[in-house]
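Residue numbers (full-length UniProt numbering): 1 to 404.
Let me begin by presenting the structure, written as structure tokens, before commenting on it.
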Amino acid sequence: MSAIRFFHLADLHLDSPFKGLFGLPEHILKKIRSSTFDAFDKIIRKAIEEKPDFLLIVGDIYDGENRSLPAQRRFQDAMEKLFQHNIPVIISYGNHDHLNGTWTRFALPSNVYELPAETSVVQLKIRGQQVNIYGFSYNKRHLKQSMIDTYPIAQDQQVIHIGMLHGSEASDTSHAMYAPFTKQQLLDKNYHYWALGHIHKRQLLHQEPPIVYPGNIQSRHRKEQGIKGFYDVTLSQNAAELEFSPTSAVVYNTIAVECANVIHANELLNKCTEAIAAHRIKYGASVVELHLQHIDEQTEALFEHATVDAWLETIREAEEGLEPICWVQKIIVQKSARLDNHTAITQTVVDLMEQWDSNEWKDILKDLYQYAGGARLIDPLTEEDIKQLVNNAQALLVEEIQRV
């Protein structure tokens, strides 16, 4: 039997509101707000050009249960284009666009198979090869119970079996737990491929057979960094080939800028603009944070008379008009952590503490020692205790200044 080819994508979140972006020029904000649509359009163009046997979309097509009209219209138009090229699409709805929401309904063309709330099978015949695709749609937003037991065990290994599941691996506590499963539960079904959704980070949970999260197709905030996309899969009973296909219209990322031994303002500005230019070439349109690393004392002096916000504005001005856009959302100053080389502020405080005698320390700590409930648990204050207090305070000051 011949191999089949399909696109596995999930978590489109069409028309996402993109919260948490401030101070952006209107043209940049417009591009970011259209980015989920632009990423989706890339997938549709690629499908029309390369004609895979079908598409799998595993949940959260829409960002909210109300399924905005613009998002539905764009999705319906895309499905019509695939219909004209005889490309089937199997879709499930997830926790964001569950079946119990309220929305104005669009009719999808006959090439689109919408999975119901009950686990069901879609059967396709591709060049003589039967393909069974199993899955369900969320009937409510908070689907906490496991659904894996509703999937049948594959018996006929002449058929290619694919599972679609929008949910969480039971051991992953980094995300909201929906429709939980274990990897072994998936393997026990004897499927040839598991197409997962819900987790926005691209992950291969198992190699043979593949158990795959493609991640979302477009980052929506600073915590979803890097290039996003989908998997182009070629599959048979005996083998699977997975090729990641990028779709990000705008990439969220962190740019590290090495700042050791920088003395002059133009040096720092040049380092930042060079790092941004290299990122622009590699990633295209982006929203980035600049992490200025290894700021030593001489470099730190550059921030004594110009605030971080002033530097941010200067860097933004240097990038104005350049394409593709690279919007610097934030600057993080990472100072060198050296306890034996304090800032002037830290050393001043430490010098003051070292001048205090035991009576002054007792006066400072009198509330602690006069507290009846705690006094019986605390030994009398010694010279060694005072030295330890100075050292601890010194370390805490350095740690807090590093966070500024």
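All C-beta atoms in this analysis are idealised placements derived from N, C-alpha and C, irrespective of residue type, glycine included.
Alpha carbon to alpha carbon, how far is residue i from residue j?
i: I91; j: L196; result: 12 Å
i: L204; j: L108; result: 31 Å
i: A78; j: S137; result: 20 Å
i: A249; j: F18; result: 14 Å
i: T150; j: D97; result: 21 Å
i: A285; j: L29; result: 12 Å
i: R5; j: A39; result: 21 Å
i: L82; j: A277; result: 38 Å
i: K271; j: W311; result: 13 Å
i: Y134; j: Q158; result: 16 Å
i: P52; j: Y231; result: 12 Å
i: H264; j: A301; result: 9 Å
i: R74; j: D41; result: 9 Å
i: V333; j: W327; result: 18 Å
i: Y93; j: Y62; result: 9 Å
i: S2; j: K330; result: 51 Å
i: E208; j: A240; result: 8 Å
i: P152; j: E26; result: 51 Å
i: F37; j: R220; result: 12 Å
i: residue 419; j: I211; result: The shown model of the chain, from 1 to 404, leaves out residue 419, and the question about it has no answer.
i: R316; j: E274; result: 13 Å
i: E118; j: H206; result: 26 Å
i: Q155; j: E323; result: 54 Å
i: F54; j: V257; result: 44 Å
i: I295; j: K335; result: 4 Å
i: E267; j: H291; result: 16 Å
i: V308; j: K282; result: 26 Å
Using 8 Å for Cβ pairs, my map puts residue i next to residue j. What's the rounded Cβ distance?
i: L143; j: N95; result: 7 Å
i: Q293; j: C259; result: 6 Å
i: L235; j: H198; result: About 22 Å; that fails the 8 Å criterion.
i: I87; j: V287; result: Going by Cβ atoms, the distance from I87 to V287 rounds to 33 Å, so no, they are not a contact pair.
i: K189; j: G163; result: 6 Å
i: A318; j: L269; result: 7 Å
i: G229; j: S245; result: 5 Å
i: F181; j: S146; result: 6 Å
i: N132; j: V121; result: 5 Å
i: Y252; j: R222; result: 6 Å
So residue i is in the beta strand (DSSP E); what residue range does that whole segment cover?
i: E289; result: S286 to I295
i: M164; result: I160 to H166
i: K125; result: S120 to I126
i: R5; result: I4 to L9
i: Q329; result: C326 to K335
i: L204; result: Q203 to H206
i: L143; result: Counting along the chain, L143 falls outside any beta strand (DSSP E), and DSSP gives it neither H nor E.
i: Y231; result: G229 to L235
i: N253; result: V251 to E258
i: V212; result: I211 to Y213
i: V89; result: V89 to S92
Which two residues bound the contiguous alpha helix (DSSP H) that contains residue i?
i: D41; result: S35 to E50
i: I61; result: Per DSSP, I61 belongs to no alpha helix (DSSP H) and is neither H nor E.
i: E114; result: Note, E114: premise wrong, no alpha helix (DSSP H); beta strand (DSSP E) at V112 to E114.
i: A275; result: A265 to Y283
i: F75; result: L69 to Q84
i: residue 413; result: Outside the displayed range of the chain (1 to 404) lies residue 413, so it cannot be described from this structure.
i: residue 420; result: Examination of residue 420 is not possible in this model, given that the chain is present from 1 through 404 alone.
i: L196; result: From DSSP, L196 is part of no alpha helix (DSSP H) but of the beta strand (DSSP E) over Y193 to G197.
i: L242; result: No alpha helix (DSSP H) contains L242, which is instead part of the beta strand (DSSP E) from A240 to P246.
i: L187; result: K183 to L187
Answer with buried or exposed for residue i, where buried requires no fewer than 16 other C-beta atoms within 10 angstroms of its C-beta.
i: G321; result: exposed
i: I325; result: buried
i: E169; result: buried
i: T247; result: buried
i: K140; result: exposed
i: P70; result: exposed
i: T173; result: exposed
i: G167; result: buried
i: R45; result: exposed
i: S35; result: buried
i: P116; result: exposed
i: Q84; result: exposed
i: I43; result: buried
i: A47; result: buried
i: F22; result: exposed
i: I364; result: exposed
i: H161; result: buried
Taking Cβ positions only, does residue i come closer than 8 Å to chain C?
i: S245; result: This model lacks chain C altogether, as it is built from one protein chain only.
Open item on the list: Check whether the segment 127-136 and the segment 101-110 are in contact - that is, three or more C-beta pairs closer than 8 Å.
Closed with: no
Task: contact_flag[the segment 216-226, the segment 12-21] where n(CB pairs < 8 Å) is 3 or more - done: yes
Task: the segment 45-64 in contact with the segment 2-11 per 3-pair CB rule at 8 Å - done: yes
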